[in-house]
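Peer 1: Protein chains in written order, with the numbering used here: chain A, 45 to 404; chain B, 74 to 326.
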Amino acid sequence: MKGVLAVLSVNVARARGRQGYVIMTVGLMVAAILAAVLISSNVDGQATIAYVAAPGIAAAETDSVAPAFATADLSLDLDAIGAPAERDLRAILERFFRVEVLDEVPPMSQLMRNRYDAVVVHNGNGRVDILTVKSDMFRTELEQALSKPQSFAPDTSTHRGVGATIVGYLVMFVLMSGSAFMNFFTDDKVSGTLRRTVTAPVGIRAYLAGQLLFNSLMLFVPTMSVLILLKAGFHLDIGFSYPQYVLLIGLLTTLATAFGFFMASVVENPDDAMAVASSVIVVTSLLGGTFFVFEHDDAFMQIITRLLPQRSLVQIASGIEQGWSSGQLTGMVGHVVAIAFVLLVAGWIICERRFQAGRY
Amino acid sequence: MRMGNSRAFGVLFSRDLKNLFMNPAWVMYNTLFPLVLVWALSYLTKGGYGGMGVTSYDFYGVTLLLFSALSVAMTSANSFMERRIKASNLRVLYAPIRPSFVYLSKIAASFVFTSLCLMAVVGVLHFWFRVRLGADLFGYVAAIVLLLGLLSSALGVMFCCIFRSEQLANKVLSPVIQVMALGGGLFFPMDGLSPTLERISWLSPAKWVAEAVFRIIYDHDLGMFLPVMLVLSLCVVGAFVGCKLTFRTEDFV
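(1) Going by alpha carbons, who is nearest to Arg171/A out of Val74/A, His279/A, Ala97/A?
(2) Looking at the C-beta of Tyr98/B, does it have a partner C-beta in chain A at a distance below 8 Å?
(3) Along chain A, which residues have their Cβ under 7 Å away from the Cβ of Asp264/B?
(4) Determine, using beta-carbon pairs with one atom in the segment 141-159 of chain B and one in the segment 112-130 of chain B, whether at least three such pairs fall under 8 Å.
(5) Secondary structure at His293/B, three-state DSSP: helix, strand or coil?
(6) What is the C-beta distance between Val39/A and Leu110/B, in whole angstroms, given that I count them as a contact (C-beta under 8 Å)?
(7) Which word fits Lys280/B, buried or exposed, when buried means at least 16 other C-beta atoms lie within 10 angstroms of its C-beta?
(8) Within a Cβ cutoff of 7 Å, which residues of the same chain sit near Leu223/B, ignoring the five residues on either side of it in sequence?
(9) If distances are taken between C-alpha atoms only, which option among Leu82/A, Ser369/A, Met318/A, Phe225/A comes closest to Phe264/A?
(10) State the beta-bridge partners of Thr92/A as determined by DSSP.
(11) Please identify the residue among Asn162/B, Leu166/B, Ser226/B whose C-alpha is closest to the C-alpha of Ala182/B.
(12) How about Thr209/A and Val87/A: do their beta carbons lie closer than 8 Å?
(13) Could you tell me the alpha carbon to alpha carbon distance between Leu318/B and Ala312/B, rounded to whole angstroms?
(14) Report the neighbours of Pro314/A on chain B: residues whose CB is nearer than 8 Å to its CB, in chain order.
(15) With H, G and I counted as helix, E and B as strand and the rest as coil, what does DSSP make of Cys316/B?
(16) What residues of chain B sit near Met152/A, judged by a beta carbon separation below 7 Å?
(17) Rounded to whole angstroms, how far is the Cβ of Leu274/A from the Cβ of Val215/A, which I believe are closer than 8 Å?
(18) Establish whether the CB of Ser247/B and some CB of chain A are separated by less than 8 Å.
(19) Is there a Cβ from chain A that is less than 8 Å from the Cβ of Ser267/B?
(20) Which of the three DSSP states, helix, strand or coil, is assigned to Val127/B?
(21) Could you tell me the boundaries of the beta strand (DSSP E) in which His199/B lies?
(22) Determine which residues share a DSSP beta bridge with Tyr122/B and list them.
(23) Could you work out which residues of chain A lie near Arg288/B, taking near to mean beta carbons separated by less than 8 Å?
(24) Please work out which residues of its chain come closer than 8 Å, Cβ to Cβ, to Arg282/A, disregarding the five sequence neighbours upstream and downstream, and give them in chain order.
(25) Using Cβ-Cβ distances below 8 Å, what residues of the segment 103-114 of chain B are close to chain A?
(26) Taking only beta-carbon atoms, is Met220/A less than 8 Å away from chain B?
(27) Between Gly222/A and Thr301/A, is the Cβ-Cβ spacing less than 8 Å?
(28) Is Tyr65/A close to chain B, meaning its C-beta is less than 8 Å from at least one C-beta of that chain?
(29) Out of curiosity, what's the CA-to-CA distance linking Leu137/A and Tyr160/A?
(30) From Phe399/A to Arg239/A, what does the alpha carbon distance come to, in whole angstroms?
(31) If you draw a straight line from the C-alpha of Ala152/A to the C-alpha of Ala382/A, how long is it?
(32) Could you check if Asn243/B is buried or exposed, using at least 16 other CB atoms within 10 Å of its CB as the buried criterion?
(33) From the beta carbon of Glu130/A, is the nearest beta carbon of chain B less than 8 Å away?
(34) My parser needs the alpha helix (DSSP H) runs of 4 or more residues fully inside the segment 178-239 of chain A; what are they?
(35) Are any of the Cβ atoms in chain A nearer than 8 Å to that of His199/B?
(36) Can you give me the start and stop residues for the beta strand (DSSP E) that Val165/A sits inside?
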């Protein structure tokens, strides 16, 4: 314990000596987290529909749609589908979606960029054209909303609350910052300080524990502070309570530190470690569904993604929102902790082996 | 003297280019990584597309190509100040050639290297993933992507000059690129999420570039091409001036 404290206090002193570096790294991390929270607290999961009332002009004839895509995606005959008496399509749409009323059909690129999920063109002669690049499922949903507004209920199964969205966005950024303060460890390996510390009474255990603790704190404290500041200072809705965030962010920083440490032990060159780590983090975080919810139809991909700790982290967050039992949550927490543990032990063994082989 | 200069630059440039091609980590980062990312994201979101013959590859093929062009800075920062290369830079500074050649040749070499990688990626996107890249207007799309790559390459070196360390520059660049890409809607479409976010996202230059490219491909609309090229060119000039102002030979001692 004394050794751990010694390593911690030395690290604090080193951090003070490199104030520029520390301020820059923490500042960027805080900025990224702030951006993540602000973005995610604005997401409401509602689809945006462009409504164009253009009597007599079919969507297909408008110039703004590029020729290759000129065919209207779907044409609905309101009478044929047994539309209700309520003919005001705009009012129906506004009940379920965010609607923007436009004078003409927006260009195809706006559909591609998801500015609008769909364009509904009311031709005035009882026909409606629907343009969308979205899936059949979304088209069916829209069709149902238009034809049977009384019984229609939007599908909300994939919607996440504010808290789970914030946690999902944070995962990638915190993991990325995971190795930010591991470079004291990397420096020690190069400069020979590691050898001297480990052979001194401090020992390898206390040394590595100190480095890991330092790294975790440097991730945990700024992240938590941003969340507290936003909730207490700016009264922003961040979804979870503080204790819930302590658990979630604690798990996340543990995982990030474990991964950062593992990379720092395996890949000796910090430049290569950076490139490899960031590629792995981006791909696995996206596959793990941290930004949006996926349902995999492929059994192989299902197994792969279930193994990813990022997925479990986000599931814990949505689980808390949906009021899962603690038994269900414990399994997920266990998964994240187990992965972090495996990474830590693997990194530790590699470091110890290499040390004994006289590499440092 | 003029001839001597260009020859000296040629020697530096070809050496730098060779260095980049011989580093497997960077070849992978610039070719395999973007393709894996396109595949992974498109695979995950393929259920969300389908109308009007559009696939998820059409979206991510374009946005992640832009993301790769933004990430060129990582390569140039590395090629400029990696530990092994820093020492040789010092020797070049002692040689009787212009000191500016040190960074100019790194910017040029990273640009050429990543452009070749990006074009290889484009080939796979076109022939394998069948991504729509503008057909006969592809030249305009390519021009924007390559100019963005040049800007990113110069910015990577400029960040190194400012922070005087490649590691720190990488650490600063990486989140900056991520946030720009995220804000510009390159990882997932951002515009439809909420009207507030749509307005905020215009702060990200990635958004303008993506908008211009999507307009060219899907609307055959070249209206944003010249303004975007002009702004990117001005930024490139700014980055070169920034390099000149912040490059200090003492940093290599």
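Glycine residues also receive a C-beta, built at the ideal position from the N, C-alpha and C atoms. On a predicted model such as this, the values are computed, not experimentally measured, just so you know.
Peer 2: Inspection of the coordinates gives the following:
(1) Ala97/A
(2) The displayed chain sequence assigns Ala, not Tyr, to residue 98/B. Chain A, which has a Cβ nearer than 8 Å to the Cβ of Ala98/B, makes this yes.
(3) Arg157, Asn158, Arg159
(4) no
(5) coil
(6) Absent from the model: residue 39/A. The displayed extent of chain A is 45 to 404, so no value can be given.
(7) buried
(8) Phe184, Val309
(9) Phe225/A
(10) Arg142/A
(11) Ser226/B
(12) yes
(13) 10 Å
(14) Gln240
(15) helix
(16) Tyr291, Asp292
(17) With 8 Å as the limit, Leu274/A and Val215/A do not qualify as a contact, their Cβ atoms being about 18 Å apart.
(18) yes
(19) yes
(20) coil
(21) Per DSSP, His199/B belongs to no beta strand (DSSP E); it is in the alpha helix (DSSP H), 173-200.
(22) Lys178/A
(23) Pro151, Ser153
(24) It should be noted that the sequence gives Ile, not Arg, for residue 282/A. So the qualifying residues of the chain are Val81, Ser85, Val206, Gly207, Ile210, Leu271, Leu274, Lys275, Tyr289.
(25) Phe106, Val109, Leu110, Ala113, Leu114
(26) yes
(27) yes
(28) yes
(29) 13 Å
(30) 8 Å
(31) Going by the sequence as given, residue 152/A is Met instead of Ala. Met152/A and Ala382/A: Cα-Cα distance of roughly 47 Å.
(32) buried
(33) Because the pLDDT of Glu130/A is 45, which lies under 50, any placement of that residue in the model is unreliable, and the number read from its coordinates should be weighed accordingly. No - not a single Cβ of chain B is within 8 Å of the one on Glu130/A.
(34) 180-191, 206-221, 227-235
(35) no
(36) 162-166
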